[in-house]
Amino acid sequence: MKNLFDLTGKRALITGSARGIGNLLAGGLAEYGAHVLINDRRQEKADAAAQALRDKGYRAGGVAFDVTKSAEVSAAIAHIENDIGPIDILINNAGIQRRHPFTEFPEQEWDEVIDVNQKGVFIVSQQVAKYMMARRAGKIINIGSMQSELGRKTITPYAASKGAVKMLTRGMCAELAEYNIQVNAIAPGYFATDMTEALVNDEAFSSWLYQRTPAARWGKPEELIGSAVFLASAAADFVNGHLLFVDGGMLAAV
Ligand code: NDP
Numbered sequence: 011m012k013n014l015f016d017l018t019g020k021r022a023l024i025t026g027s028a029r030g031i032g033n034l035l036a037g038g039l040a041e042y043g044a045h046v047l048i049n050d051r052r053q054e055k056a057d058a059a060a061q062a063l064r065d066k067g068y069r070a071g072g073v074a075f076d077v078t079k080s081a082e083v084s085a086a087i088a089h090i091e092n093d094i095g096p097i098d099i100l101i102n103n104a105g106i107q108r109r110h111p112f113t114e115f116p117e118q119e120w121d122e123v124i125d126v127n128q129k130g131v132f133i134v135s136q137q138v139a140k141y142m143m144a145r146r147a148g149k150i151i152n153i154g155s156m157q158s159e160l161g162r163k164t165i166t167p168y169a170a171s172k173g174a175v176k177m178l179t180r181g182m183c184a185e186l187a188e189y190n191i192q193v194n195a196i197a198p199g200y201f202a203t204d205m206t207e208a209l210v211n212d213e214a215f216s217s218w219l220y221q222r223t224p225a226a227r228w229g230k231p232e233e234l235i236g237s238a239v240f241l242a243s244a245a246a247d248f249v250n251g252h253l254l255f256v257d258g259g260m261l262a263a264v
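Every number in the numbering used here is 10 more than the matching position in the sequence shown, counting from 1.
Following this line, the structure appears as structure tokens:
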């Protein structure tokens, strides 16, 4: 039972993982023994991030695709499955944020947010799940958000996309569970990364955050690793369709 979280011999693909939360999750899974595949739209960025992990003694490789482009995704997943090895774990992490008042939100930016955060999860999961179904084994972890549950001014398209990630998680669970595939989501609260840099630097926002979060602080991205390892491991073999909030208690309190 002590090996319940061991990922040795497993291969994990993490989308958008050359930097930010995805990169930390890749390092975390590698620390637990997984061979991690770093994805970025640019091959050289994916390769550099993979090299940085290999320099630490981990097993890692780089793979380029844009999660919104189904032909690219399909070719990349086929390449991994045929030439590298089976994908045991998929983390749908790639995501973007755009901020504008609702009535001024440019339609093009709505499309960008929905394409990456929502359709990207559909496209990548669909391709990977076909191989997982044939093997009757797999773990898919989607990265949701507080906005999977809570609205907030100026980011309605992001909230719409992350609400959809919650229902993609449940829908895929309903359909794939009989193939021994577990589909869960991690819903982070507020973490200090490039995506939230403007908010971290905004003193008024940070002081609101300290009041609003029972833990009274920003999350540290490395605090998401344990949840990802858990959901990727045998410890979660009967956990399915679940959203795991990692938010310092924010959703539990008003
Ligand atoms: P970052 O902006 O730091 O990183 C996002 C990553 O996604 C980058 O590597 C980026 O690549 C990649 N990406 C963007 N578009 C695409 C695409 N079309 N195809 C492939 N990769 C792409 O964000 P975070 O690390 O903060 O966020 C990671 C995830 O966590 C997101 O889903 C986000 O919504 C979620 N999240 C973050 C929270 C936070 O507090 N930071 C809170 C809740 C959820 P590139 O470098 O090329 O832009």
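Even glycine gets a Cβ: it sits at the ideal position worked out from N, Cα and C. The structure displayed is predicted, hence computed values, not measured ones.
>> Please determine whether the Cβ atom of residue 29 lies at a distance below 8 Å from any heavy atom of the ligand NAD.
In response: What this structure holds is the ligand NDP, not the ligand NAD.
> Going by the C-beta, is residue 198 closer than 8 Å to any heavy atom of the ligand NDP?
Replying inline: For the ligand NDP, at least one heavy atom lies less than 8 Å from the Cβ of residue 198.
>> Tell me the DSSP secondary structure of residue 125 in three-state form.
In response: helix
> Touching or not, the region 163 to 171 and the region 203 to 213, by the rule of three or more beta carbon pairs under 8 Å?
Replying inline: no
> Which stretch, first to last residue, makes up the alpha helix (DSSP H) that contains residue 21?
Replying inline: Residue 21 -> not in any alpha helix (DSSP H); beta strand (DSSP E) instead, spanning 21 to 24.
>> If you measure between the beta carbons of residue 252 and residue 195, is that distance less than 9 Å?
In response: Yes. Within cutoff.
>> Bridge partners for residue 256 per DSSP, in chain order?
In response: 198
> Does the beta-carbon of residue 182 have 16 or more other beta-carbons within 10 angstroms, so that it is buried, or is it exposed?
Replying inline: buried
> To which residues of the same chain is residue 33 closer than 7 Å at the C-beta, ignoring the five residues directly before and after it?
Replying inline: 27 and 59
>> Taking its Cβ as the centre, do 16 or more other Cβ atoms sit within 10 Å of residue 98, making it buried, or is it exposed?
In response: buried
> For the candidate residues 259, 135 and 109, whose alpha-carbon lies nearest to that of residue 220?
Replying inline: Selected option, being the one with the closest Cα: 259.
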